[in-house]
Amino acid sequence: VDPASWEQASWEQASWEQASWEQTLWGQFDRSAQQRPGALALVASDAHGHDVRWSYAELRDRAVRTAAGLLRSGTAPGDPVLVQLPNRAEFAVLVLASFRLGARPVFALPAHRSGELRHVARTSGAEVFVTADVTGSGRAACDHRDLARDLTTADDSAVRTVLVAGVAQEFADLAEVAVDDVQAAEAALPAPPGPAATAFLQLSGGTTGLPKLIPRTGGTYAYTVSESARLCGLTPDSVMLVVLPVAHNYPMSSPGILGTWCAGGTVVLAADPSPAAAFELIAREGVTHTSLVPPLALLWTAAAEARADERGTGAGAPDLSSLRVVGVGGAKCTPELARRVQELLGARLQQVFGMAEGLVNYTRLDDPDDVVLTTQGRPLSPRDEIRVVDEQDRDVPDGEPGFLLTRGPYTIRGYVAADGSAEAHNRTAFTADGFYRTGDLVRRRPDGNLVVEGRDADRINRGGEKLSAEEVEDVLLTLPGVHDVAVVGLPDEFLGERTCAFVVPRPGASPTVGDVRRHVRAAGLAEYKVPDRVELLDSFPPTAVGKTSRRRLRAALAELVRARA
Ligand code: J2J
12 VDPASWEQAS WEQASWEQAS WEQTLWGQFD RSAQQRPGAL ALVASDAHGH DVRWSYAELR
72 DRAVRTAAGL LRSGTAPGDP VLVQLPNRAE FAVLVLASFR LGARPVFALP AHRSGELRHV
132 ARTSGAEVFV TADVTGSGRA ACDHRDLARD LTTADDSAVR TVLVAGVAQE FADLAEVAVD
192 DVQAAEAALP APPGPAATAF LQLSGGTTGL PKLIPRTGGT YAYTVSESAR LCGLTPDSVM
252 LVVLPVAHNY PMSSPGILGT WCAGGTVVLA ADPSPAAAFE LIAREGVTHT SLVPPLALLW
312 TAAAEARADE RGTGAGAPDL SSLRVVGVGG AKCTPELARR VQELLGARLQ QVFGMAEGLV
372 NYTRLDDPDD VVLTTQGRPL SPRDEIRVVD EQDRDVPDGE PGFLLTRGPY TIRGYVAADG
432 SAEAHNRTAF TADGFYRTGD LVRRRPDGNL VVEGRDADRI NRGGEKLSAE EVEDVLLTLP
492 GVHDVAVVGL PDEFLGERTC AFVVPRPGAS PTVGDVRRHV RAAGLAEYKV PDRVELLDSF
552 PPTAVGKTSR RRLRAALAEL VRARA
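As structure tokens, then:
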């Protein structure tokens, strides 16, 4: 890994307006901790199932001691650390410890399996893997120590140290990393990193092939965090319930845990996003803010409706009256769902259209209902540049759909990879003058608000979980009996899109749905990448070879199914 090149990839943004970035991610949290040491910072469960209620002073203390412990055990500022933790207290400590030390977490999602983890370990060069013992239950249970065993023995991974939150077995226990004395810890630590340093790496969801590494600069990210906190109306009295996987960019920063801490409020981390569990927490903790993806918003509104129908008989139903703002993003929220969120959850809806690469759009809390219900908002920063273009990169007039390109103070200028594999991809993912090709098909209204109309056929958004058609196709092409395959997102009422693998079998072969699904799992891909549906075809419609034709083929197949329905 050449950390210097990471710095360069994001330096340009950081030099944009240095004065407003004298803020860092550690600095934002630390300021709140100095101002309100006794205020409640975190409500969560830890890896042993114990309830945690930590003040800012307590959380800060743990972060500092853990930062010094990481340093003592060989992790230096600038080092990548592969992190795969669920919504538990240990995540909060580890992320803040990393910001204090200047280590760079590489945020894998709990759903990732050895296929994604190996790839990310290789491209980040991480030598340390921090993970949980077991997540999920029943058939969906995952023992992350098995994933750790795979990473430590794979010859293409540099991971040699594993820290486990929970029962560590042969690995080191994350809880034992922290040094005991906070004063000694402070003395041992170097100054926190400045605003120009890369603070962490996010993973891209739906670009071509395997996940790409997104280097986010501390100062520019801190800017999105404080602006998000302001636009979402967070104050020291706010209580943010986080039910989405917290390592994802959305619950991290839009406004997420970091926005809440920046404002001095309370974060409630929950592992169970079901309405039954979440409604209890909302009532118990007086939750004011939460963030959902559309499928969850559908479940929550349906549950709230059922509860309202039972009113009178349903005594003791949890009280949601503390809720003030419900964010919905990650995938398109229909106007009907938008209306139901406001009506049934009794809160102001805030649409959020963001991406781990940077740009975040919000509807504003004081926007008229028309904007809040029917658009995905406008950029967070006046310095965000938006272009809506046709296939030839020519600007289209406002009101007409086109592909969204963006450039701005906190949007990356390139992906990074320790093995140099990012360069080729960057040439197509960005324009020559540095605009990021989001792949989103949008319409810009004259008032500047964006309406998302769709996306490139090669990226699939399955209820907010992104996947690349190519990544799954590449795996399925290795299944014996498969001659050719195209993975396509088909419209779905609940998830927005569901995946279908169109398979052209080899002569004499007829792979079953089970074969296809098992093969994707066996390749170590996350469960949400396993095709929902499989269709066998004699042949594909003839197209020229190459990437763009591949995209056209996927679009044509999706159209075929739409026409049949
Ligand atoms: C339609 N599509 C949307 C929306 C994201 C805040 C919120 C979300 C993300 C996120 C994020 C959408 N309507 N409201 O990082 O900080 C689709 C677009 C986009 C892609 C990015 C944040 N909100 N999308 O979802 O990196 O296609 O980030 O390009 O996971 O999700 O996905 P991701």
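First residue of the sequence shown: 12, per the UniProt record's numbering; consecutive thereafter.
Beta carbons: idealized from backbone N, C-alpha and C, even for Gly.
- Tell me whether ALA288 is buried or exposed, calling it buried when 16 or more other Cβ atoms sit within 10 Å of its Cβ. Exposed.
- Item | When LEU81, VAL483, ALA122, VAL106 are compared against residue 600, the one with the closest alpha-carbon | Outside the displayed span of the chain (12 to 576) sits residue 600, for which this structure offers no information.
- Message: In the DSSP assignment, the beta strand (DSSP E) including LEU370 goes from what residue to what residue?
- Response: Element bounds for LEU370: 369-373.
- Item | Cα-Cα separation between TRP32 and HIS123, rounded to whole angstroms | Any answer about TRP32 is weak, because its pLDDT of 43 lies below 50 and its placement is not dependable; what the coordinates show is given next. Taking the straight line from one Cα to the other gives about 33 Å.
- Residue of LEU331, LEU348, ALA328, ASP72 minimising C-alpha distance to VAL304: Each of LEU331, LEU348, ALA328, ASP72 was checked against the Cα of VAL304, and the nearest Cα belongs to LEU348.
- Using 10 angstroms around the beta-carbon of GLU508, count the other beta-carbons present and answer buried if the total reaches 16, otherwise exposed. With 16 or more neighbouring CB atoms inside 10 Å of its own CB, GLU508 falls in the buried class.
- Beta carbon of THR134 nearer than 9 Å to that of THR439: Note that the C-beta distance between THR134 and THR439 is not below 9 Å.
- Query: How should THR248 be labelled, buried or exposed, when 16 other C-beta atoms within 10 angstroms of its C-beta is the threshold for buried?
  - Reply: Residue identity differs from the one stated: residue 248 is Asp in this sequence, not Thr. Exposed, because fewer than 16 other Cβ atoms sit within 10 Å of the Cβ of ASP248.
- Task: Look at the alpha carbon of GLN361 and the alpha carbon of VAL117, and state the distance between them as a whole number of angstroms.
- Result: A direct Cα-to-Cα measurement between GLN361 and VAL117 gives close to 28 Å.
- Item | Residue(s) in a DSSP beta bridge with LYS477 | For LYS477, which the question treats as bridged, DSSP gives the partners ASN472.
- Message: Under 8 Å: does the beta carbon of LYS477 sit that close to some heavy atom of the ligand J2J?
- Response: For the ligand J2J, at least one heavy atom lies less than 8 Å from the Cβ of LYS477.
- Does the separation of the CB atoms of GLY519 and ALA367 fall below 9 Å? ALA367 sits away from GLY519, with the two beta carbons spaced by 9 Å or more.
- Message: Beta-carbon within less than 7 Å of GLN180's beta-carbon, same chain only, minus the 5 sequence neighbours each way: which residues are those?
- Response: Contacts found: ARG156.
- Task: Say yes only if the C-beta of PHE364 is nearer than 8 Å to one or more non-hydrogen atoms of the ligand J2J, and no if none qualify.
- Result: Result yes, Cβ under 8 Å from the ligand J2J.
- Item | Helix, strand or coil at residue 583 [DSSP, three-state] | Any property of residue 583 remains undetermined from this structure, which presents the chain solely from 12 to 576.
- Using 8 Å as the Cβ pair cut-off and three pairs as the minimum, do the stretch 290-299 and the stretch 257-265 touch? Flag = no, the stretch 290-299 and the stretch 257-265 do not touch.
- the stretch 184-200 touching the stretch 234-245, judged by at least three CB pairs closer than 8 Å: The stretch 184-200 vs the stretch 234-245: no contact.
- Near SER333, what residues of its chain come up, given a Cβ to Cβ distance below 7 Å and the 5 sequence neighbours on each side ignored? ILE293, GLY297, VAL298, THR299.
- Item | Segment contact flag, the stretch 367-387 with the stretch 274-285, C-beta cutoff 8 Å, min 3 pairs | With a cut-off of 8 Å, the stretch 274-285 and the stretch 367-387 do not count as touching, because too few Cβ pairs lie within range.
- Message: Between which two residues does the beta strand (DSSP E) holding GLN361 run?
- Response: Taken as a continuous stretch (DSSP letters only), the beta strand (DSSP E) holding GLN361 covers 359-366.
- Could you tell me which residues DSSP pairs with TYR447 in its beta bridges? TYR447 is bridged to THR417, PHE441.
- Thinking just about the alpha-carbon of each residue, which of ARG150, THR142, TYR373 is nearest to the one in THR163? Checked all of ARG150, THR142, TYR373; the closest Cα to THR163 is THR142.
- Message: In the DSSP output, which residue or residues are listed as bridge partners for ALA183?
- Response: DSSP, once it has assigned bridges, lists LEU174 as partnering ALA183.
- Item | C-alpha distance - TYR373 paired with ALA308, whole-angstrom precision | Distance between the alpha carbons of TYR373 and ALA308: 17 Å.
- Message: According to DSSP, GLY340 sits in a beta bridge with which residue or residues?
- Response: Looking at the DSSP assignment, GLY340 forms a beta bridge with VAL363.
- Message: Can you check which of these residues, SER109, ASP430, PRO491, is closest to PRO201 by C-alpha distance?
- Response: Looking from the CA of PRO201, the closest CA among SER109, ASP430, PRO491 belongs to SER109.
- Query: Under the three-state reduction of DSSP, which class applies to ILE225: helix, strand or coil?
  - Reply: Three-state result, ILE225: strand.
- Residues bridged to GLY463 [DSSP beta-bridge criterion]: Position check: residue 463 holds Val in this sequence, whereas Gly was assumed. Looking at the DSSP output, VAL463 shares a beta bridge with VAL453.
- Message: Need the endpoints of the alpha helix (DSSP H) that CYS273 sits in, please.
- Response: Where CYS273 is concerned, the enclosing alpha helix (DSSP H) stretches over 267-274.
- Query: Bridge partners of LEU212, per DSSP?
  - Reply: Checking the DSSP bridge columns, you'll see LEU212 partnered with VAL117, PRO226.
- Task: Identify whether THR422 lies in helix, strand or coil by the three-state DSSP scheme.
- Result: In the structure shown, THR422 sits in coil (DSSP, three-state: anything other than H, G, I, E or B).
- Classify THR345 as helix, strand or coil using the three-state DSSP reduction. Three-state result, THR345: coil.
- CA-to-CA distance, PRO542 to ALA137, given in whole angstroms: ALA137 and PRO542 have their C-alpha atoms roughly 30 Å apart.
- Message: What would DSSP say about GLU504, mapped onto helix, strand or coil?
- Response: In the three-state reduction of the DSSP assignment, GLU504 falls in the coil class, being assigned neither a helical nor a strand state.
- Could you tell me whether the stretch 448-459 touches the stretch 399-415, where touching means 3 or more Cβ pairs closer than 8 Å? Short answer: they touch.
- Task: Pick out whichever of ILE397, VAL427, VAL250, ARG47 has its Cα sitting closest to the Cα of GLY419.
- Result: Considering only alpha carbons, the answer is ILE397.
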